[in-house]
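Residue numbers (our numbering): 1146 to 1215.
Shown next as structure tokens:
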């Protein structure tokens, strides 16, 4: 409970949202710097569903993961 309150106070995000945002940022860096496929990146940063990764990525960054590669 204490950890939740501290993270919420510092970031204004729940712990799940904070972790998801961190994973998405790591995925964005990998998309920009490696030639791994999008599914490999999604799984390597902890998403078990490629669809959920793409949906979350679109919500966070306003673009689809495929668009960073073009």
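Ideal Cβ positions, reconstructed from N, Cα and C, are used throughout, including at glycine.
Inset, instruction - Determine the direct distance from the alpha carbon of residue 1200 to that of residue 1155, and round the result to whole angstroms. - result: 26 Å
Legend entry - Per-residue DSSP class, three states only, for residue 1180: coil
Inset, instruction - Take every Cβ of the segment 1189–1198, pair it with every Cβ of the segment 1168–1176, and state whether three or more of those distances are shorter than 8 Å. - result: yes
Legend entry - Among 1198, 1177, 1180, the one whose alpha carbon lies nearest that of residue 1187: 1198
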